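Chemist: Structure in structure tokens, see below.
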Amino acid sequence: MIIHHPILGPRDAQEFVYLGDAALMNRPDGMTAGIEEFHDWLYNRDNPAGEHQELWYHEQGDRSWLVVTRNTVTHEITKVELARDVARSKGRSK
Amino acid sequence: MTQSNRISGGQIDRSKTLRFTFDGITYQGHPGDTLASALLANGVRLMGRSFKYHRPRGPLTSGSEEPNALVELRTGGRQEPNTRATVAELFDGLTANSQNRWPSLRFDAMGVNDRLSTFFAAGFYYKTFMWPKTFWEKLYEPIIRRAAGLGSVTREEDPDEYDKGFLHCDLLVIGAGPTGLMAALTAGRSGKRVILADEDFRMGGRLNAETHAVGGQAGADWAAGVVAELASMPNVRLMTRTTVIGAFDHGVYGAVERVSDHLPTPAPGKPRQVLWRIYSGRAILAGGATERPIAFENNDRPGIMLAGALRAYANRWGVKVGERVAVFTNNDDGLRTADDLRAKGVEVVAVIDSRQGEEVIDTSGRLGLKSITVRDGKGRTREIAVEALGVSGGWNPNVNIHSHHRSRPVYDPTIAAFVPGAEGPPGLLVAGAASGALSTHAALRTGRDAAVEALGLTGAAELPEAEDAPVRVKALWHVNHGKGRAWVDQQNDVTVKDVKLAKQENFTSVEHLKRYTTLGMATDQGKTSNVIGLAIMAELTGRSIPETGTTIYRPPYTPVAMGALAGRSRGKEFKPFRLTPSHHWAAEQGAVFVEVGMWLRTQWVPKAGETEWRQSVDREVLATRKSVGICDVTTLGKIDIQGTDAGAFLDRVYANTFSSLAVGKCRYGLMLREDGIVFDDGTTARMGENEYVMTTTTANAVTVFRHLEYCRQVLWPDMDVQLISTTEAWAQFSVAGPNARKLLQKVVDQDISDAAFPYMGAGNITVCGGMRARLFRISFSGELAYEIAVPTRYGDALLREMLARGAEFDPIVYGTEALGVMRIEKGHVAGGELNGQSTALNMGLGKMVSKKKDSIGMVLSQREGLVDPDGYRLVGVKPVDANGRISAGSHLLEKGAAVVAANDGGWLTSKVYSPHIGCDIALGYLKAGDRKIGQRMRAVNLLIGQDTEVEIVSPHFFDPEGERLRG
């Protein structure tokens, strides 16, 4: 697979480490959320046949974490963003 | 009998003669020959035995689809089994042997299987060898494995190199027949970067095997002219002997180039094969078509081959397969074989055209074809003496690569074959015979048009004139006659009867048919057999062929050597390691090394007279505890963390608190995973207001860094915190023992007295008169200890300086074994305890998890199951009798309890011999272990027969109050 890195252009998927569903970035606040909420966030994920947002890490590259939108059926990649930008757009800060 | 069957013509170099042996007999051939063509030229039709029935077999084909003529090539470490003689390029001195026969190819004792065929029909394993159950592994399987099989694997190491490579192009053209050549020519002339790959050693595809004219000259000459023009283009890369094995995602194709298989040995510095990863903008599949046989009784005798192969041997290699030849066909193309052979002066005694109502119903000749029996439309039979029979059941487009992303081929009744379906790999076009366009003109036209479409070219080159004969075929999959066996899949010995049996037992889906009968599961992947098998199943079940469908096509297109997949990742290169800064010093001392993670570390450093590893390790431990020892701990992960939010960031990633740490101090940190399990540990020092230095375990240096980047970029994107790994930037040594400070003071420029540099102090210092360095007063051994770091390239010098300047203290260098002994004596957790299943509570560190702040893993570490008061707790374990032996991995049981899993109380995670305590000691996890200190239990290890009475003790065997390290 080839991932079009938003900064570095097309890169082979072998340069990356895969983490999983990008929903992982929606980590609850540990001071307010309880075990149930954390458990649901950590373990319960959708497994769509189709468009899927997922986290990839450019370990053999610039160390960017990326959010890759990929079709799990065709492997077509329709969007690649810096995870930091996506996190900020979801209201994550410090 | 020298090349008795060689006839005129062909693309072989008759000016040179090559000698080769097959089963010990020497033969002659010419450059341009394959092993099969050369053997046939020498009158050898018998080349192998079949997989199950050990039937005598000769080549069915002249290409890579060959199911029968599998041989072992070469000898010694270069011996390679299951090689198709039809594609093995002849070279002088080639040694080939037949396989799957004993004692000889002509007389094979296992041929008895053929007589017992009733017992070996499809599914016979499942039915016959079911009972008794225990017989399978010990009796049935070994016998079956010996009896059925292919070639044998050499026990010697392959002396050759294999490599991997990467290529980029605008257009990849797969196959260099008329289609591929025309596509590559069109693209090449446009200036685009083109790769043209073909599995053959000579480009031209079927043009080399046919007598068709192209552009007014012989097809093979036209092909040679195009290849010459392409070779002159700097933007075109021609790759012969290169099989494109699969279509992968996003325009990536895999290809294997057999660089040296056609040579006695690879040229110096050259690999045997290269596995290429080709990144293509667009690709054209011009893979041609594969001829299909017809199933009839005894259709597998040596001398019976595909009609197209028969004329390929005549036209390309100047070989007649026999004196008297017949052709059995259901289509016009088969008739060409008769015409071409007659033109070459070969006697064609019969042309049996099923469209005229005639069929071949049986054959004779055990080791080679002697006669065929023909039935005419009126049911009359006649026997005809022949040595060769060409069979044509039509041509199957090679849809494989197009179907690698699960596109299903569709059935085209006008050519009685499957053609590529919709939605193949994005960017891939199919042209020529592979798309079902079977005439030479159609190949040239579709090849050109595909290149124009793929690259968006304007204007198209003129096409050379070529034949454009229509396909006239009437489907015939098998001949209905008699009770004998008619082969569908010759490589796996699957017959029409087996297909019928599968139907009878309701394995009617093609995927079930495949698995029940093994149809198409041999190394040829059913290239000549799958379509016949599914067509017969369609007939039996009354379904149409499209309804029946095909099985899934998967890479690789043809078999790939394991060596090519491994490339250079073998031996030490499989898992490279780094050398520590003290490596050269240690090597000078004759140190013993061990691979730890991605490093090679000193395990111990033997002194003269020491013959047992324990002598060295015990001495290193005792010397360190008595005076001072030095250990290279460079391998620990080191991460510089800077920024105004660095402290707050560490509070999030560590279970305990770091923002409150004073500048110039360090602290032990415990890092959890989000599920509450301990991830890693280490010490982190605060070097400045906004500057920390973290250490990780050797094993987790990479994953911790990845995790920190994740936290920083994804979870808390606005935190002002920067990271850099400095693992390889600093050489770091642990200096431990009562004289550690005195020794260090000899090299450190600043005052490091206890007052100036107290326990858990950290700071930037200089050594040896100005060299920048870092010093941390931390201890893993329980001794007064420091870790000192200098830039990596000065590590070797620092070690030598410390040993020289501190000689009065008799310093020793200790390795990982002594390190392990001392940390276990002290009760520190490491690899065996940080096992990915244990919590801080399990390790006796539960209080370190601060609930006053949010940190990774804090919430879920409080789950009910993880805070069980009766859960595992870290304990120390030692035998009651000092001479008793215990082992890591042993399980702890109550005295008198039966040794069953239900009574398991825990296990030993790490064990060493402690010279300080004078017996084996271990750490372990024990249920409610914190309440069992002082109890006696048993450490049981069934694998090595140990059952030792032990005492459960505190994990802190040595200096539990920590007086020494604060000294």
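Protein sequence lines, in the order shown, are assigned to chains A and B.
Quick note on the working numbering: the first sequence kicks off at 1265 and runs consecutively.
Quick note on the working numbering: the second sequence kicks off at 208 and runs consecutively.
For every residue, glycine included, the Cβ atom is placed at its ideal position computed from N, Cα and C.
Only a predicted model underlies this, so the values are computations on that prediction, with no experimental measurement involved.
#1: Suppose contacts are defined by Cβ-Cβ distances below 9 Å. Is B:I1031 in contact with B:K1118 by that definition?
#2: Within 9 Å of any Cβ in chain A, is that where the Cβ of B:G458 sits?
#3: Report yes or no: is there a C-beta of chain A within less than 9 Å of the C-beta of B:E916?
#4: Which two residues bound the contiguous alpha helix (DSSP H) that contains A:S1353?
#5: Counting only the same chain and skipping the five closest in sequence on each side, list residues whose C-beta sits under 8 Å from that of B:S311.
#6: Return helix, strand or coil for B:L1099, following the three-state DSSP convention.
#7: Under the three-state reduction of DSSP, which class applies to A:W1305: helix, strand or coil?
#8: Could you tell me whether the stretch 602 to 621 of chain B touches the stretch 384 to 397 of chain B, where touching means 3 or more Cβ pairs closer than 8 Å?
#9: So B:I1222 and B:V451 are supposed to be a Cβ contact under 8 Å. How far apart are they, rounded?
#10: Who does B:Q424 pair with in a DSSP beta bridge?
#11: Give, in chain order, every unbroken run of the beta strand (DSSP E) that is at least 3 residues long and sits entirely within the stretch 964 to 1041 of chain B.
#12: Excluding sequence positions up to five away, which residues of its chain have a Cβ less than 8 Å from the Cβ of B:T973?
#13: List, in order along the chain, the chain A residues whose C-beta lies closer than 8 Å to that of B:L1067?
#14: So who's on the other strand from B:G213, going by DSSP bridges?
#15: What residues in the stretch 1308 to 1340 of chain A have a beta carbon less than 9 Å from any beta carbon of chain B?
#16: Please return the same chain residues whose Cβ sits closer than 8 Å to the Cβ of B:M208, not counting the five positions on each side in sequence.
#17: Does B:L991 have its Cβ less than 9 Å from a Cβ in chain E?
#18: Output yes or no for whether 9 Å exceeds the beta carbon distance between B:P263 and B:T293.
#19: Should B:E795 be labelled buried (16 or more other beta-carbon atoms within 10 Å of its own) or exposed?
#20: Between the Cα of B:D507 and those of B:T735, B:S716 and B:Y875, spot the shortest distance and give me the residue it belongs to.
#21: Looking at the unbroken alpha helix (DSSP H) that takes in B:A858, where does it start and where does it end?
#22: Which value, in whole angstroms, describes the spacing of the CA atoms of B:Y892 and B:M901?
#23: How about B:R874 and B:M967: are their beta carbons less than 9 Å apart?
#24: On the three-state DSSP scale, how would you describe A:H1268?
#25: Take B:D882 and list the residues in its own chain whose beta-carbon comes closer than 6 Å to its own, dropping the five residues that flank it on each side.
#26: Going along the chain, which residues of its own chain have a beta-carbon closer than 6 Å to the beta-carbon of B:A745, five neighbours each way excluded?
#27: Does the distance from the C-beta atom of A:F1280 to that of A:I1267 stay below 9 Å?
#28: Beta-carbon of B:L1100 versus every beta-carbon of chain A: anything under 9 Å?
#29: Measure the Cβ-Cβ separation of B:I985 and B:R859 and say whether it is below 9 Å.
#30: Buried or exposed for A:M1295, please, with buried defined as at least 16 other CB atoms from any protein chain shown within 10 angstroms of its CB.
#31: How far does the alpha helix (DSSP H) with B:N737 in it reach, from first residue to last?
#32: Just grab the DSSP bridge partners of B:C918 for me.
#33: At 3 residues or longer, what runs of the beta strand (DSSP E) sit wholly inside the stretch 585 to 637 of chain B?
#34: According to DSSP, simplified to helix, strand and coil, what is B:A496?
#35: Is B:H1123 helix, strand or coil when you go by DSSP?
#36: Chain B beta carbons: is any one of them nearer than 9 Å to that of A:K1343?
Modeler: Well, looking at it:
#1: Reading the second sequence from its first residue, position 824 is the one you call residue 1031 of chain B. Reading the second sequence from its first residue, position 911 is the one you call residue 1118 of chain B. Cβ distance < 9 Å, so B:I1031 and B:K1118 count as in contact.
#2: To locate residue 458 of chain B, count along the second sequence from 1; it is residue 251. For B:G458, the answer is yes, since a Cβ of chain A falls inside 9 Å of its Cβ.
#3: Reading the second sequence from its first residue, position 709 is the one you call residue 916 of chain B. Yes, contact with chain A.
#4: On the first sequence, position 89 is the one that residue 1353 of chain A refers to. Per DSSP, A:S1353 belongs to the alpha helix (DSSP H) from A1347 to S1353.
#5: As a first step, residue 311 of chain B is located in the second sequence; it is residue number 104 there, counting from the start. The residues are D230.
#6: The count along the second sequence starts at 1 and reaches residue 1099 of chain B at position 892. DSSP places B:L1099 in strand when its eight states are reduced to three.
#7: Numbered from 1 along the first sequence, position 41 holds the residue referred to as residue 1305 of chain A. Helix at A:W1305.
#8: no
#9: The structure shown does not extend to residue 1222 of chain B, since chain B spans only 208 to 1174, so no value can be given for it.
#10: As a working note, residue 424 of chain B is residue 217 in the second sequence. Beta-bridge pairing links B:Q424 to B:V421.
#11: 969 to 974, 978 to 983 and 992 to 998
#12: Locating residue 973 of chain B in the second sequence gives position 766, where the first residue counts as 1. Within the same chain, B:T973 has close Cβ partners V955, D956, Q957, R979 and A980.
#13: Counting from one through the second sequence, the residue named residue 1067 of chain B turns up at place 860. The contacting residues are I1299, F1302, H1303 and L1306.
#14: The residue given as residue 213 of chain B occupies position 6 in the second sequence. The sequence as given places Arg at residue 213 of chain B; Gly does not occur at that position. Beta-bridge pairing links B:R213 to B:V526.
#15: Within the stretch 1308 to 1340 of chain A, L1319, Y1321, E1323, R1327, S1328, W1329, V1331, T1338, H1339 and E1340 place their CB atoms closer than 9 Å to a CB of chain B, listed in sequence order.
#16: Reading the second sequence from its first residue, position 1 is the one you call residue 208 of chain B. Residue confidence for B:M208 is low, a pLDDT of 47 falling below 50, so the modelled location carries little weight and cannot support an answer.
#17: Protein chains in the displayed structure are A and B, and chain E is not among them.
#18: Working through the second sequence from its first residue, we reach residue 263 of chain B at position 56. Working through the second sequence from its first residue, we reach residue 293 of chain B at position 86. Cβ distance not < 9 Å, so B:P263 and B:T293 don't count as in contact.
#19: Here residue 795 of chain B refers to the residue found at position 588 when the second sequence is read from its first residue. Classification for B:E795: exposed.
#20: The residue given as residue 507 of chain B occupies position 300 in the second sequence. Of the listed residues, the one whose Cα sits closest to B:D507 is B:T735.
#21: Here the question's residue 858 of chain B lines up with position 651 in the second sequence. A small correction: the amino acid at residue 858 of chain B is Asp; Ala does not occupy that position in the sequence shown. Run containing B:D858: A853 to V860, per the alpha helix (DSSP H) assignment.
#22: The sequence position of residue 892 of chain B within the second sequence is 685, counting from 1. The sequence position of residue 901 of chain B within the second sequence is 694, counting from 1. Per the sequence shown, the amino acid found at residue 892 of chain B is Ala instead of Tyr. Going from the Cα of B:A892 to the Cα of B:M901 covers about 6 Å.
#23: Counted from its first residue, the second sequence places residue 874 of chain B at position 667. Counted from its first residue, the second sequence places residue 967 of chain B at position 760. Result yes, Cβ atoms of B:R874 and B:M967 sit closer than 9 Å.
#24: Taking the first residue of the first sequence as 1, we reach residue 1268 of chain A at position 4. A:H1268: strand per DSSP, three-state reduction.
#25: To locate residue 882 of chain B, count along the second sequence from 1; it is residue 675. Here the set comprises L1067.
#26: If you number the second sequence from 1, residue 745 of chain B lands on position 538. Answer for B:A745: I752 and T755, listed in chain order.
#27: For the purposes of this step, residue 1280 of chain A is identified with residue 16 of the first sequence, where counting begins at 1. For the purposes of this step, residue 1267 of chain A is identified with residue 3 of the first sequence, where counting begins at 1. Result yes, Cβ atoms of A:F1280 and A:I1267 sit closer than 9 Å.
#28: Indexing the second sequence from 1 puts residue 1100 of chain B at position 893. No, because no Cβ of chain A sits closer than 9 Å to the Cβ of B:L1100.
#29: Counting from 1 along the second sequence, the entry for residue 985 of chain B is found at position 778. Counting from 1 along the second sequence, the entry for residue 859 of chain B is found at position 652. No, Cβ-Cβ distance for B:I985 and B:R859 is not below 9 Å.
#30: Here residue 1295 of chain A refers to the residue found at position 31 when the first sequence is read from its first residue. Exposed: under 16 other Cβ atoms inside 10 Å.
#31: Taking the first residue of the second sequence as 1, we reach residue 737 of chain B at position 530. Here the alpha helix (DSSP H) through B:N737 covers N737 to T748.
#32: Looking up residue 918 of chain B in the second sequence gives position 711. Bridge partners of B:C918: none, in fact.
#33: 588 to 592, 595 to 599, 602 to 604, 617 to 619, 624 to 626 and 635 to 637
#34: Counting from one through the second sequence, the residue named residue 496 of chain B turns up at place 289. Strand.
#35: Within the second sequence, the letter at position 916 stands for residue 1123 of chain B. In this structure, B:H1123 counts as coil in the three-state DSSP scheme.
#36: Position 79 of the first sequence, counting from 1, holds the residue named residue 1343 of chain A. At a cut-off of 9 Å between C-beta atoms, A:K1343 does not count as an interface residue with respect to chain B.
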